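The structure appears right after this line, and notes come after that.
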Amino acid sequence: MKRFSIILLALAMVIVLTACGAKEETTVATTAAVAETTVTTETTEATEATVATETTAEVETTAAEAVFATIEAKNCYADAGYIEFISGAEESAEYTFTAIDSEKVQWRVYLLDESFEEGFRYISQVAEPALEGDGTVSVAEGQFVYVNCSVNEFTEDAPDENAKLEVTVK
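Quick note: the sequence shown uses this note's numbering, first residue 2, plus one each step.
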C-alpha cells in the first residue's frame, strides 16, 4: 500500500509540475513576443531618425566629396587607441578628416608605406603623424593609414561615447 501511495504521489507531482511548466512557457512566449514588438517599434523609429540625420548630413556635403567612413572613439578604445583605417590604398586620393564632438579627444593620422606588424601601440615610435586634428591628407596607392584616438585603454577608464572622426574622400 505504501508503494502505491508513493507512486500515486510521484505521478501527481509530475502532472502538477508539467502543468506549471506549460503555463510558464506560454507566459514567457507571450512576454517575448511583446518585447520583440516593442524593440522592433523602437528600432524602426531610431532607424527613421538615423536616416533623416544621414540625409541631412549628405546634403551638406559637396558634390565633389563623399562620406567615406565615420570612426567612433569607442571603437578605437582598444589597441592603445589605434586602428588600421586603410590597408593598402587601391588608388591615390585625398582624405579629409573632421572631428565631431571631440573636445576631449585628440585624433592623429599616420601614413605608412607598408603594413605595421609589430603592435599598433608602437606606431608613434616609428612614425610621425601626417595629421593631428582636422585636415586633409593625400594617400598614395598602396599606403596604409592608421588612426589614433587619444582616449584609449591606457589613458582613460572608459571610452568616449560621443567623439567621432568623419572621413570624406575626393
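Using N, Cα and C, we set each Cβ at its ideal position, and we do this for glycine too.
In this text, all values refer to a predicted model and were calculated from it rather than measured experimentally.
Considering only residues of the same chain and omitting the five flanking positions on each side of residue i, which have a CB-CB separation below 6 Å?
{"i": "residue 152", "result": "74, 106, 161"}
{"i": "residue 139", "result": "95"}
{"i": "residue 77", "result": "84, 150"}
{"i": "residue 70", "result": "168"}
{"i": "residue 155", "result": "81"}
{"i": "residue 29", "result": "With a pLDDT of only 42 at residue 29, under the threshold of 50, the placement of this residue in the model should not be trusted; the figure read from the coordinates follows. There are no such residues."}
{"i": "residue 137", "result": "95, 97"}
Quick one: using the 10 Å Cβ neighbour count with 16 as the cut-off for buried, is residue i buried or exposed?
{"i": "residue 147", "result": "buried"}
{"i": "residue 109", "result": "buried"}
{"i": "residue 123", "result": "exposed"}
{"i": "residue 1", "result": "A question about residue 1 goes unanswered here, because the residues of the chain that appear run from 2 up to 171."}
{"i": "residue 79", "result": "exposed"}
{"i": "residue 6", "result": "exposed"}
{"i": "residue 11", "result": "exposed"}
{"i": "residue 72", "result": "buried"}
Taking the alpha-carbon of residue i as reference, which of the options has the nearest alpha-carbon?
{"i": "residue 170", "options": "118, 99, 14, 104", "result": "99"}
{"i": "residue 115", "options": "132, 141, 137, 136", "result": "141"}
{"i": "residue 87", "options": "117, 16, 67, 104", "result": "117"}
If residue i sits next to residue j, beta carbons under 8 Å apart, how far is it from one beta carbon to the other, in whole angstroms?
{"i": "residue 144", "j": "residue 166", "result": "At roughly 18 Å, the Cβ-Cβ gap does not stay under 8 Å, so residue 144 and residue 166 are not in contact."}
{"i": "residue 159", "j": "residue 102", "result": "So it is not a contact: roughly 15 Å between Cβ atoms."}
Might you give, ordered along the chain, the residues of its own chain that have their beta carbon closer than 7 Å to the beta carbon of residue i, omitting 5 neighbours on each side?
{"i": "residue 135", "result": "98, 99, 100"}
Validate contact between the segment 127–137 and the segment 83–92 using beta carbons, cut 8 Å, 3 pairs: These segments do not touch.
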